[in-house]
Amino acid sequence: MRSFGQLWPTLKRLLAYGSPWRKPLSVAVIMLWIAAAAEVSGPLLISYFIDNMVAQHHLPLGKVAGLAAAYVGLQFLAAGLHYAQSLLFNRAAVGVVQTLRTDVMDAALRQPLSAFDTQPVGQLISRVTNDTEVIRDLYVTVVATVLRSAALIGAMLVAMFSLDWRMALVAILIFPAVLTVMIIYQRYSTPMVRRVRAYLADINDGFNEIINGMSVIQQFRQQARFGERMGEASRSHYMARMQTLRLDGFLLRPLLSLFSALILCGLLMLFSFTSAGTIEVGVLYAFISYLSRLNEPLIELTTQQSMLQQAVVAGERVFELMDRPRQRYGSDDRPLQSGAIDIDHLSFAYRDDSLVLQDITLSVPPRSFVALVGHTGSGKSTLASLLMGYYPLTQGEIRLDGREISSFNHRVLRQGVAMVQQDPVVMADTFLANVTLGAMFQRRRSGRRWKRYSWQTWRAA
Numbered sequence: 000m001r002s003f004g005q006l007w008p009t010l011k012r013l014l015a016y017g018s019p020w021r022k023p024l025s026v027a028v029i030m031l032w033i034a035a036a037a038e039v040s041g042p043l044l045i046s047y048f049i050d051n052m053v054a055q056h057h058l059p060l061g062k063v064a065g066l067a068a069a070y071v072g073l074q075f076l077a078a079g080l081h082y083a084q085s086l087l088f089n090r091a092a093v094g095v096v097q098t099l100r101t102d103v104m105d106a107a108l109r110q111p112l113s114a115f116d117t118q119p120v121g122q123l124i125s126r127v128t129n130d131t132e133v134i135r136d137l138y139v140t141v142v143a144t145v146l147r148s149a150a151l152i153g154a155m156l157v158a159m160f161s162l163d164w165r166m167a168l169v170a171i172l173i174f175p176a177v178l179t180v181m182i183i184y185q186r187y188s189t190p191m192v193r194r195v196r197a198y199l200a201d202i203n204d205g206f207n208e209i210i211n212g213m214s215v216i217q218q219f220r221q222q223a224r225f226g227e228r229m230g231e232a233s234r235s236h237y238m239a240r241m242q243t244l245r246l247d248g249f250l251l252r253p254l255l256s257l258f259s260a261l262i263l264c265g266l267l268m269l270f271s272f273t274s275a276g277t278i279e280v281g282v283l284y285a286f287i288s289y290l291s292r293l294n295e296p297l298i299e300l301t302t303q304q305s306m307l308q309q310a311v312v313a314g315e316r317v318f319e320l321m322d323r324p325r326q327r328y329g330s331d332d333r334p335l336q337s338g339a340i341d342i343d344h345l346s347f348a349y350r351d352d353s354l355v356l357q358d359i360t361l362s363v364p365p366r367s368f369v370a371l372v373g374h375t376g377s378g379k380s381t382l383a384s385l386l387m388g389y390y391p392l393t394q395g396e397i398r399l400d401g402r403e404i405s406s407f408n409h410r411v412l413r414q415g416v417a418m419v420q421q422d423p424v425v426m427a428d429t430f431l432a433n434v435t436l437g438a439m440f441q442r443r444r445s446g447r448r449w450k451r452y453s454w455q456t457w458r459a460a
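Quick note on numbering that gives the first Met the number 0: the sequence shown kicks off at 0 and runs consecutively.
Pasting the structure below:
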């Protein structure tokens, strides 16, 4: 189990995505501090009202109305600022998730095809959708809650020490207990959350496999077997999730509420043991109010650890995908001229222990046609993929115009070598979009050319 220091690099990288929204986030933080000051000022007004007006039986109507208006105004100010900062944090969170999803998808598109031979598609979809959505909660909930709780705690500590330092010392005894709970929770929750995310990815992968192969499953009457497999994955996810909920239920709110009650008992004992007049009733009310308010941000800070753990684990999964090696190409930018193909003692294996192609030698002169005929699985599509540069060769060479295929850069290889896919439909779009693969550059000119070509083809037919 890793410590918080080991999780910090991932958290730091996640927070770095918020740098383009530094200005609105800074404004939101300022709003949080002003709202915290407004919330803390309320009990101070009531304490003043009790000690200086109620205790002395002096209740002038104008002064009472002024205090009431000030109290209500502070509450409205705090509520309005909290609403405004929530909008700013949500705006930043949506922008972060949009950028992160774009980066994740770009990394997935630039991976070598060999990565998809072992990477289930459902797990990849889970990283792009579910994991990035959990990271969104990091900005919407975790960061906002931590900053708000820190502002409230800081403002209340200043207010408590300004009222009575002895009672303030008793109140801050809750901090070591809360810190201990947070350390224990972080230590035990990390592996649990990691298992939950892994099981969720397995469920998504299972759904993707079943939906894509639905016709085959129904044809061979395998509904019960696949249903049982999905049920087992769901039960594993349920059990892992229940472990985290049991840990949350024991270490978070109930235990912290117990600590708060013990601190309140200490404040009452200190008040009862001191001489009359040393601690005023209004001050005691303010401390009780602050203690109840102090308990809530501490509980929120601790409960946010669960979401923080999920966000960090999701970030690890996302960054693991983004940091994988990308498809490699050479640096030769000279265009292909003749189109001659030479294959010399080529051997290839998708995995180390099983050769798909073995000692293939072939020469295709310029402007020639060669047909490869063989049974399913004999390696025809594999050879075509190697000619496109999708996979590194295991042994031998492939030369185009006398140059090794691994030396060409990406642009030259794609402009010089074309593949007609077997799939009749590549995208769920128009026929033109499937032919052009969605490339809408020079759309108007391409559309005119396509119409002219279609009319000429129709007349010839």
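Quick reminder that beta carbons are idealized off the backbone N, C-alpha and C, glycines included.
- Going by DSSP, Q74 is part of no beta strand (DSSP E) but of the alpha helix (DSSP H) stretching over 60-108.
- The C-alpha of G314 lies about 45 angstroms from the C-alpha of L44.
- For D50, the three-state secondary structure derived from DSSP is helix.
- A direct Cα-to-Cα measurement between G17 and D322 gives close to 19 angstroms.
- Here DSSP, grouped into helix, strand and coil, assigns D204 to helix.
- DSSP places L263 in the helix class (H, G or I) of the three-state scheme.
- Nearest C-alpha to V26 among Y70, G72, L80, A68: L80.
- Under the three-state reduction of DSSP output, G248 falls in the helix class.
- The segment 108-126 makes no contact with the segment 169-176: fewer than 3 CB pairs, one atom from each, lie closer than 8 angstroms.
- Between L290 and I262, the C-beta spacing is below 8 angstroms.
- At a Cβ-Cβ threshold of 8 angstroms, V39 and M155 count as neighbours.
- Ranked by Cα distance from L13, the options Q74, F48, A91, M30 are led by A91.
- The beta carbon of D201 sits closer than 7 angstroms to those of A232, all from its chain and outside the five residues before and after it, given in chain order.
- Within a 10 Å sphere around the beta-carbon of I342 sit 16 or more other beta-carbons, which makes this residue buried.
- With 16 or more other Cβ atoms from the protein chains shown falling within 10 Å of its own Cβ, F347 counts as buried.
- In the three-state DSSP reduction, T360 falls in the strand class (E or B).
- Here the alpha carbons of Q420 and A432 stand approximately 14 angstroms from one another.
- In the three-state reduction of the DSSP assignment, S353 falls in the strand class.
- Apart from sequence neighbours up to five positions away, the residues of its chain that approach P365 with a beta-carbon distance below 7 angstroms are S337, G338, A339, ordered along the chain.
- In the DSSP assignment, S161 falls within the alpha helix (DSSP H) that extends over 143-162.
- In the structure shown, E279 adopts coil according to DSSP, grouped into three states.
- Between Y187 and L246, the C-beta spacing is below 8 angstroms.
- Membership of Q394 in the beta strand (DSSP E) is indicated by the continuous run 394-399.
- One thing to note: V355 has its Cβ no nearer than 8 angstroms to the Cβ of T375.
- As the crow flies, the alpha-carbon of A427 is around 36 angstroms from that of D351.
- Boundaries of the beta strand (DSSP E) harbouring S346: 340-347, taken from the DSSP string.
- For M418 and L385, the gap between their C-alpha atoms comes out near 11 angstroms.
- Sequence-distant partners of R410 (beyond 5 residues in either direction) whose C-beta falls short of 8 angstroms from its own C-beta, in its chain, are D332.
- DSSP, reduced to helix, strand and coil, places R323 outside both helices and strands of the structure shown, so it counts as coil.
- Ranking Q242, F206, F48, L392 by CA distance to the CA of D358 puts L392 first.
- Under a 10 Å Cβ-count criterion, G378 is classified as buried, with 16 or more other Cβ atoms of the shown protein chains found around its own Cβ.
- Look at D331 here: in three-state DSSP terms it is strand.
- About 5 angstroms separates the Cβ atoms of T302 and L251, confirming a contact at the 8 angstroms cut-off.
- For S405, the closest C-alpha among the options G388, G395, V424, M166 is that of G388.
- Under DSSP, R402 takes part in a beta bridge, and its partners are L399.
- The beta-carbon separation of M191 and T243, rounded to 5 angstroms, stays under the 8 angstroms limit for a contact.
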